[in-house]
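Peer 1:
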Ligand SMILES: Cc1ncc(COP(=O)(O)O)c(C=O)c1O
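Numbering (my numbering), first residue to last: 10 to 319.
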């Protein structure tokens with residue numbers, strides 16, 4: 010992802026210049042952080058058109074996450090969907106990472122005071138595939154973190170809310186200190202939960218496994234897509250609990266997410282996963298996902314085209 014500022018930001022119903030989108034230091038969101046957000050990819054297809062992947066599912070999750078932190082969203086899902094399209098069009102982004110956010114508009118320092126309506130904004134950044142592809146080819150090194158993936162409630166843990174990300178940030182910091190690229194977090198009972206910004210999959214022989222959604226994980230849209238694709242490919246899949254000892258002897262391990270797609274794990278805490286290179290099932294699923302998101306396979310209502318104009 011390239012993080013140079015885009016030209017336009019959509020804020021509360023209008024497109025404004027990026028540099029005009031500012032928050033006051035007294036904003037509740039800075040102090041207590043109950044922001045609901047999404048990370049969505051818009052892909053440039055080989056035919057030249059651009060399309061969002063599972064945009065409707067991301068917007069639904071955004072609204073669910075906003076409800077989980079009691080934010081009253083003054084726009085409908087259709088309006089926020091349109092805002093995402095308008096933002097990439099205004100910025101002339103063909104390959105983009107799009108981040109809608111819903112946050113409390115109140116500027117009260119008081120804790121738990123009901124604020125005004127939530128504010129809604131949509132950011133779009135141009136996307137470059139090269140860094141991702143480089144990591145995908147080699148696979149990454151992960152650390153099983155001492156930081157536990159917990160949340161105040163099951164509803165909150167299933168939501169994409171900023172407050173949940175403190176654990177992931179600490180875990181990544183710890184992982185980098187241990188010379189790794191990313192972290193895998195366990196739940197309070199010691200089961201593998203998820204990556205810092207991804208879900209975890211492991212291959213045992215012919216079987217694919219991923220932790221179930223009753224654990225404190227975000228039910229990833231990429232995770233769901235991979236479960237559908239794996240079943241279509243005739244792969245046996247189980248959503249089941251497993252611990253770090255079982256993960257350590259998996260034949261293949263990969264992470265999944267909107268930004269990482271399928272990210273092979275080549276090493277866990279200094280120990281090779283399988284042969285220490287991306288394994289066959291990982292490569293098969295990575296290819297199937299790429300086909301689905303970049304429009305090379307027949308669409309199944311997963312893609313949301315951007316009108317021509319960029
Ligand atoms: C904590 C966490 N888990 C899992 C995921 C993967 O979710 P998705 O596939 O919807 O991007 C993400 C990505 O945003 C995440 O932040």
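Glycine residues also receive a C-beta, built at the ideal position from the N, C-alpha and C atoms.
(1) Compute the distance between the beta-carbons of residue 72 and residue 49, then report whether it is under 8 Å.
(2) Quick test of your reading: residue 37 and residue 113, contact by CB under 8 Å. State the CB separation rounded to the nearest angstrom.
(3) Would the beta-carbon of residue 207 be found less than 7 Å away from any heavy atom of ligand 1?
(4) Since residue 21 and residue 129 should fall inside the 8 Å C-beta cutoff, what is the C-beta to C-beta distance between them, to a whole number of angstroms?
(5) Take the Cβ of residue 29 as the centre, count every other Cβ of all protein chains shown within 10 Å, and call the residue buried at 16 or more, exposed below.
(6) Given residue 273, which residues of its chain have a CB within under 6 Å of its CB, disregarding the five upstream and five downstream residues?
(7) For residue 254, count neighbouring C-beta atoms within 10 Å of its own C-beta (all shown protein chains included) and say buried if the count is 16 or more, exposed if not.
(8) Using the Cα positions of residue 54 and residue 223, report the straight-line distance between them to the nearest angstrom.
(9) Taking Cβ to Cβ, would you say residue 252 is nearer than 8 Å to residue 206?
(10) Cutting at 8 Å between CB atoms, please list the residues of its own chain near residue 270, excluding the five before and the five after it.
(11) So, residue 201 versus residue 212, is the Cβ gap smaller than 8 Å?
(12) Identify the residues that DSSP records as bridge partners of residue 130: which are they?
(13) For residue 77 and residue 261, I'd like the C-alpha separation in whole angstroms.
(14) List the whole-angstrom C-beta distance separating residue 167 from residue 227, where the pair is believed to meet the contact cut-off of C-beta under 8 Å.
(15) Is residue 160 near ligand 1, with its Cβ less than 7 Å from a heavy atom?
(16) Check whether the Cβ of residue 214 sits closer than 7 Å to any heavy atom of ligand 1, and report yes or no.
(17) Would you tell me roughly how many angstroms separate the C-alpha atoms of residue 70 and residue 234, rounded to the nearest one?
(18) Hey, is residue 266 close to ligand 1, as in C-beta under 7 Å from one of its heavy atoms?
(19) Based on the DSSP secondary-structure assignment, which residues constitute the bridge partners of residue 272?
(20) Would a C-beta distance cut-off of 8 Å place residue 183 and residue 194 closer than the cut-off?
(21) DSSP state of residue 120, grouped into three classes?
(22) Is residue 31 near ligand 1, with its Cβ less than 7 Å from a heavy atom?
(23) I need the DSSP call for residue 85, collapsed to helix, strand or coil.
(24) When every heavy atom of ligand 1 is checked, does at least one fall within less than 7 Å of the C-beta of residue 302?
(25) What alpha helix (DSSP H) runs, 4 residues minimum, are completely inside the region 141 to 205?
Peer 2: The short version:
(1) Here residue 72 refers to the residue found at position 63 when the chain shown is read from its first residue. Here residue 49 refers to the residue found at position 40 when the chain shown is read from its first residue. No, Cβ-Cβ distance for residue 72 and residue 49 is not below 8 Å.
(2) The sequence position of residue 37 within the chain shown is 28, counting from 1. The sequence position of residue 113 within the chain shown is 104, counting from 1. Confirmed, about 5 Å.
(3) Working through the chain shown from its first residue, we reach residue 207 at position 198. Flag set: Cβ of residue 207 near ligand 1.
(4) Residue mapping note: residue 21 aligns to position 12 of the chain shown, counting from 1. Residue mapping note: residue 129 aligns to position 120 of the chain shown, counting from 1. Residue 21 to residue 129, Cβ: 6 Å. Contact.
(5) As a working note, residue 29 is residue 20 in the chain shown. Flag for residue 29 reads exposed.
(6) Here the question's residue 273 lines up with position 264 in the chain shown. These residues qualify, in order along the chain: 148, 263, 287, 291.
(7) Position 245 of the chain shown, counted from the start, is the residue given in the question as residue 254. Exposed is the call here.
(8) On the chain shown, position 45 is the one that residue 54 refers to. On the chain shown, position 214 is the one that residue 223 refers to. Annotation: residue 54 to residue 223 spans about 35 Å, alpha carbon to alpha carbon.
(9) For this step, residue 252 is matched to residue 243 along the chain shown. For this step, residue 206 is matched to residue 197 along the chain shown. One thing to note: residue 252 has its Cβ no nearer than 8 Å to the Cβ of residue 206.
(10) Within the chain shown, the letter at position 261 stands for residue 270. Within the same chain, and ignoring the five residues on either side of residue 270 in sequence, the residues whose Cβ sits closer than 8 Å to its Cβ are 141, 145, 231, 295, 298, 299, 302.
(11) Along the chain shown, read from residue 1 onward, the residue named residue 201 stands at position 192. Along the chain shown, read from residue 1 onward, the residue named residue 212 stands at position 203. By the CB criterion at 8 Å, residue 201 and residue 212 fall outside the cutoff.
(12) Locating residue 130 in the chain shown gives position 121, counting from the first residue. DSSP output for residue 130 lists 20, 110 as bridge partner(s).
(13) The residue labelled residue 77 in the question sits at position 68 within the chain shown. The residue labelled residue 261 in the question sits at position 252 within the chain shown. Spanning the two alpha carbons is a distance of roughly 35 Å.
(14) Taking the first residue of the chain shown as 1, we reach residue 167 at position 158. Taking the first residue of the chain shown as 1, we reach residue 227 at position 218. Sure, about 7 Å apart at Cβ, within 8 Å.
(15) In the chain shown, counting from the first residue as 1, residue 160 sits at position 151. In this structure, residue 160 has its CB at a distance of at least 7 Å from all heavy atoms of ligand 1.
(16) Against the chain shown, residue 214 aligns to sequence position 205. Residue 214: no, Cβ never under 7 Å from ligand 1.
(17) Residue 70 sits at position 61 when you count from the first residue of the chain shown. Residue 234 sits at position 225 when you count from the first residue of the chain shown. Straight across, the Cα-Cα distance linking residue 70 with residue 234 is about 15 Å.
(18) Here residue 266 corresponds to residue number 257 of the chain shown, with the count starting at 1. Checking the Cβ of residue 266 against ligand 1 gives yes.
(19) Looking up residue 272 in the chain shown gives position 263. Looking at the DSSP assignment, residue 272 forms a beta bridge with 264.
(20) Here residue 183 refers to the residue found at position 174 when the chain shown is read from its first residue. Here residue 194 refers to the residue found at position 185 when the chain shown is read from its first residue. No, the pair does not count as a contact, with Cβ atoms beyond the cut-off.
(21) For this step, residue 120 is matched to residue 111 along the chain shown. When DSSP states are grouped into helix, strand and coil, residue 120 belongs to the coil group.
(22) What you label residue 31 is simply residue 22 of the chain shown in a count that begins at 1. Flag unset: Cβ of residue 31 not near ligand 1.
(23) Taking the chain shown and counting its residues from 1, one reaches residue 85 at position 76. DSSP places residue 85 in the coil class of the three-state scheme, outside both helix and strand.
(24) Working through the chain shown from its first residue, we reach residue 302 at position 293. No.
(25) Within the region 141 to 205, the alpha helix (DSSP H) runs of at least 4 residues that lie entirely inside it are, in chain order, 163 to 166, 174 to 186.
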